[in-house]
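Numbering (this note's numbering), first residue to last: 2 to 524. The beta-carbon is built from N, C-alpha and C at its ideal position, and this holds for glycine as well. Report on the following structure.
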Amino acid sequence: MDFLPIAILILAILIAFIVVLEGINKSKVPFYKTIIASTNLIVTIVFFAIYHSVIEKDSTFLKIYNILGLAEFLLLFVFILILFTKMLLSKRELSMHTQSIKNSPWNTYLIIDKKDRIKDISQNLLEDFDLPLEEVLNKKIMDVLNRTVRITQVNNKNSSNRDFEELLEQLKKLSNKDELVKLEIVYLNSQGDTSIIHMIDQAMYSRFGYYGRFLIGEKKTDFNLLGVEKQLKQTSLQLETLQEQFIATLEVSDDGLAFSDIEDKSTWISNTLVSQLGFQSNNINTEDFLKLMQPDDLNRYLTKLNQLTPSSPNMEMKYRLFSNGVYRWYIDKSKKIFLEENTMIMSSINQVSTKHFMRTNLQNLDALGDQNDLTIKLRQLIDEERYFHLVVVRLKNLPYINELHGREVGNMAISEYISKLEKSFTTEPDSIYRLTGSTFAFYLDDQRKMNLMRKGVQGNYDYLNMVLEYGASKLELEVFAGISIINNDGYNENEMLEAANAALKVAENPKYKGHVCYYGDIK
């Protein structure tokens, strides 16, 4: 009998066996590998069945069958290589994890695998067991406990060794990477003395899935009290050092920093704010600071401040402060700190620099390229044969915002909108270009971003609009956009830009339903 079909069949069976072995280790079926191995095994069995009747008699089929044999060998080699690589990496990860546990400040630890065998244990537990390390390694945890100790309580409930064994089984069923279980275990050690251990139990995972559990904590004895006193002294010294470092940081920082005590109605401000706001001292009355705030902005500020809670303590707001004879815009990032006796507010308050459009001093605006830069970039994308969408947007009501609220507000609004576009749609730096004062362009080269844009404008006509708050003023940027697609709407940079601008004109037409138009929809 020809050995070739048997060899190929054996290879296919070995491949399936490796996949099954990996699934058993991970306690989870490797979906794609299972499909590959199953399909491969079925095809191999079919070819084995027809080998003598069909394949052996046809030289072409025989060549294909030989190639199949080589493919089987390569596939087996790849699967074995992947399996052993995972095993080595898994072993290294677990070794590093074990070492980090042993180097932690906790004096008690126990590591067990998924079969409840002890893989490592702290010295103080070995002393309670009155056993050397060699006699407990790779032994089942309950076999060791039943020989050496008697558990009396678990989490303030009367318990036994049997109860603890059932608890471990329950924890294995509820294994979760992020789940922590607190345990307080009281037991009689091998000498008959009472010991108490406080431990955290957590599941441990490797690349093969659930590996076992580790318990880490500390063992309580009468001698621990001596260490507590020493630790308190060290903590007190650390707090004093930290306090001095914090004060020094506040004094030398160039940022505008403020620390307010709500109960005392007092505020400490850094030297930067002292200089900008015209105060004579770092320690001021909170009311004096609030008097500098523009009245409408003050009402909005106090409202937002009162809405802060322990679960949502952070606030960010732009408002105007009276400085050197004029109101200037500041951005305030604050956190409300809720203490038992009083409440405090830590703030970073910095002036927002805003100037005329051509020199905004807003980094993300001044760094934008122009239409020439856009043309060069589009040519590069086309030469690299990259698929992309070109989006031209116009902030339609920007002139109205400049007229109503001032150009500085308009510049800040543009800056925030550019930041939103960068976070939401661009994948490369410097991907947004300013064509005119209120017209910008950017490209989409990520399929997910393209889908995000398409679905967004289909479900919401004003998808690209943005609502902003400056002090008491709340405004909305009304945005229109035209989009062209490479190789559909144009084949070079000029055609792409012309198509996008044409689509933008359609989007701005009052009769058009929506704010965004794809050029392909109007051709």
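In its own chain, which residues sit with a C-beta less than 6 Å from the C-beta of residue 353, not counting the 5 before and 5 after it?
330 and 332
Rounding to the nearest angstrom, what Cα-Cα distance links residue 30 and residue 38 in this structure?
12 Å
What does residue 440 pair with, by DSSP beta-bridge criteria?
395
Should the segment 501-508 be called in touch with the segment 483-493, which here means at least 3 C-beta pairs below 8 Å?
yes
Where does residue 517 sit, in a helix, a strand or coil, going by DSSP?
strand
So residue 286 is in the beta strand (DSSP E); what residue range does that whole segment cover?
284-286
Assuming residue 159 and residue 153 are in contact, meaning their beta carbons sit under 8 Å apart, how far apart are those beta carbons, in whole angstroms?
7 Å
With 16 other CB atoms within 10 Å as the buried threshold, where does residue 227 fall?
Model confidence at residue 227 stands at a pLDDT of 41, short of 50, so the residue's coordinates are unreliable; what they give is reported in the following sentence. By the 10 Å Cβ count, residue 227 comes out exposed.
Can residue 366 and residue 442 be called in contact, C-beta distance under 8 Å?
no
Could you have a look at residue 41 and say whether DSSP puts it in helix, strand or coil?
helix
Using the DSSP secondary-structure output, state which residues sit across from residue 259 in a beta bridge.
Answer is 270 and 348, bridged to residue 259.
Three Cβ pairs or more, each shorter than 8 Å: is that satisfied between the segment 419-430 and the segment 446-464?
Result yes; three or more Cβ-Cβ pairs closer than 8 Å.
Could you pull the start and end residues of the alpha helix (DSSP H) that residue 489 belongs to?
Neither: residue 489 is in no alpha helix (DSSP H) and is coded neither H nor E.
Considering only residues of the same chain and omitting the five flanking positions on each side of residue 479, which have a CB-CB separation below 7 Å?
Answer for residue 479: 397, 398 and 466, listed in chain order.
Helix, strand or coil: which one does DSSP assign to residue 312?
coil
I want to know whether the segment 400-413 touches the segment 489-498 - three or more CB-CB distances under 8 Å.
At 8 Å Cβ cutoff, the stretches do not touch.
According to DSSP, residue 205 sits in a beta bridge with which residue or residues?
213
Is DSSP giving residue 276 helix, strand or coil here?
helix
Can you give the beta carbon distance from residue 220 to residue 125, rounded, assuming they're within the 8 Å contact cut?
5 Å
Going by C-alpha distance, which of 295, 336, 312 and 326 is nearest residue 320?
295
What ranges does the alpha helix (DSSP H) occupy inside the segment 413-461, keeping only unbroken runs of at least 4 residues that lie completely in it?
The DSSP assignment places 448-460 as complete runs of the alpha helix (DSSP H) inside the segment 413-461, in order along the chain (cut-off: 4 residues).
Ends of the beta strand (DSSP E) at residue 120?
119-122
Who are the Cβ neighbours of residue 389 in its own chain at under 7 Å, not counting the five residues just before and after it?
382, 444, 445, 446 and 487
In terms of residues, what are the limits of the beta strand (DSSP E) holding residue 189?
181-189
Measuring straight from C-alpha to C-alpha, what distance separates residue 190 and residue 162?
12 Å
List the endpoints of the continuous beta strand (DSSP E) containing residue 467.
Per DSSP, residue 467 belongs to the beta strand (DSSP E) from 467-471.
When the Cβ atoms of the segment 405-416 are set against those of the segment 506-522, are three or more pairs found closer than 8 Å?
Cβ pair count under 8 Å is below three, so no.
Can the beta-carbon of residue 68 be found closer than 8 Å to that of residue 10?
no
By DSSP, does residue 370 sit in helix, in strand, or in coil?
strand
Answer with buried or exposed for residue 144, where buried requires no fewer than 16 other C-beta atoms within 10 angstroms of its C-beta.
exposed
Once the 5 residues before and after residue 12 are set aside, which same chain residues still bring their CB inside 7 Å of it?
73, 74 and 77
Which residue from 16, 122 and 185 puts its Cα closest to that of residue 70?
16
Let me know the secondary structure DSSP gives residue 385 once reduced to three states.
coil
What are the partner residues of residue 337, as DSSP defines its beta bridges?
346
At which residues does the beta strand (DSSP E) containing residue 154 begin and terminate?
151-155
Helix, strand or coil, according to DSSP, for residue 331 in the structure here?
Residue 331: strand per DSSP, three-state reduction.
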